[in-house]
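Chemist: Read left to right, the sequence shown gives residues 131 to 385 (the numbering used here).
Built from N, CA and C at the ideal position, the CB exists for glycine as well.
Structure incoming, see below.
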Amino acid sequence: MEFYCLLMLCLAAFVAGFIDAIVGGGGLIQTPAALIMLPNLSVAHVIGTLKIPALSGTSIATYQYLKKVKVNWKLFVIMAFVSFVFAYLGSSLLNIMKSDFMKPVLFVILVLLMIYTYKKKDFGQFQISTLSKKKQYFFAILICVVIGFYDGFIGPGTGSLLIMAFIAILGFDFLKASAYAKLANLATNIGSISLFVIKGKIIWSIAIPMAICNALGAWIGARLAISKGNSFIRVIFLVIVGIALLRFGYDVFLG
């Protein structure tokens with residue numbers, strides 16, 4: 131691999147780590163860059179390789195959030211297990227079929243999400259939960275089943291989708307939703323990596339330098355998000371959803 135190509139991938143990994151630590155969606159930057167710069171690799175090899183920098187960045191961001199946000203560890207363990215299992219299943223499916231048919235569905239979801247978040251100014255600014263403990267566990271598991279599978283099968287935008295679901299369904303604010311999204315995303319990454327390692331789909335000479343850069347970006351992004359708070363995260367969230375719309379809109383209508 132040429133040094134210039136690896137340098138560009140590392141730069142994309144840094145930016146992806148920074149953005150992902152704040153509102154998720156780092157894959158929207160990292161994945162297209164890798165697909166362009168690595169045209170001779172299969173999609174499974176590209177996605178598998180990118181799971182390593184995604185894991186390193188998410189790990190660093192998770193550590194930063196855990197110092198600030200109180201977590202229900204029993205709920206997290208259940209969410210982590212479900213996320214792990216369904217991400218593994220999603221990655222298994224990716225190895226035998228294409229994910230293109232899911233993109234139009236995701237495009238519509240993102241349009242609705244952006245309109246709702248923009249119009250509802252207090253979305254994610256406060257914790258508003260009316261769910262009983264039993265219902266909170268049920269919906270948390272359901273979220274992890276759906277988005278965990280999506281992360282293993284497609285990937286980009288997983289963090290943003292988790293944040294949206296935790297706010298809209300569980301009543302979290304942006305900061306708490308970001309912390310839980312990082313924890314769930316950590317489990318989905320591990321689930322996917324387990325499958326890709328078994329299948330030999332990871333190019334370590336690319337994955338390790340990108341992982342270092344992603345982790346550095348995540349460290350900076352998480353500290354910025356924690357210091358700036360919910361209003362700042364909401365603005366970045368809208369920007370990333372907009373980028374996601376452009377990405378999937380291109381795939382659906384022009385790709």
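Jot down the residue ranges of each uninterrupted alpha helix (DSSP H) in the stretch 261–342, minimum 4 residues, whole runs only, in chain order.
Modeler: Listed in chain order, the complete alpha helix (DSSP H) runs (minimum 4 residues) inside the stretch 261–342 are 263–283, 288–298 and 304–329.
Chemist: According to DSSP, simplified to helix, strand and coil, what is I356?
Modeler: Three-state DSSP puts I356 in a helix.
Chemist: Exposed or buried, what is I277 when buried is set at 16 or more other beta-carbons lying within 10 Å of its beta-carbon?
Modeler: Buried, by the Cβ-count rule.
Chemist: Around the C-beta of N315, are 16 or more other C-beta atoms found within 10 angstroms, so that it is buried, or is it exposed?
Modeler: So N315 counts as buried.
Chemist: Rounded to the nearest angstrom, what separates P183 and I363 at their Cα positions?
Modeler: Approximately 22 Å between the Cα atoms of the pair.
Chemist: Please go through the same chain and pick out, in chain order, the residues whose beta-carbon is closer than 6 Å to the beta-carbon of I190, but skip the five residues on each side of it.
Modeler: The answer, listed in chain order, is A345, A348 and W349.
Chemist: Using a threshold of 8 Å, state whether the C-beta atoms of G220 and F302 are closer than that.
Modeler: The answer is no: Cβ separation not under 8 Å.
Chemist: Candidates F237, V207, I245 and L168: which alpha carbon is nearest A337's?
Modeler: Checked all of F237, V207, I245 and L168; the closest Cα to A337 is L168.
Chemist: Between K249 and I333, what straight-line distance do the alpha-carbon atoms span, to the nearest angstrom?
Modeler: Approximately 43 Å between the Cα atoms of the pair.
Chemist: So, for M209: in the same chain, excluding its five sequence neighbours on each side, which residues have a beta-carbon less than 6 Å away from its beta-carbon?
Modeler: Within the same chain, M209 has close Cβ partners A270, C274 and A314.
Chemist: Pick from A142, Y267, A151 and Q160: whose alpha carbon is nearest that of K204?
Modeler: The candidate whose alpha carbon is nearest that of K204 is Y267.
Chemist: Within the same chain, show all residues whose beta-carbon is closer than 6 Å to that of I356, passing over the 5 residues directly before and after it, in chain order.
Modeler: Here the set comprises K198.
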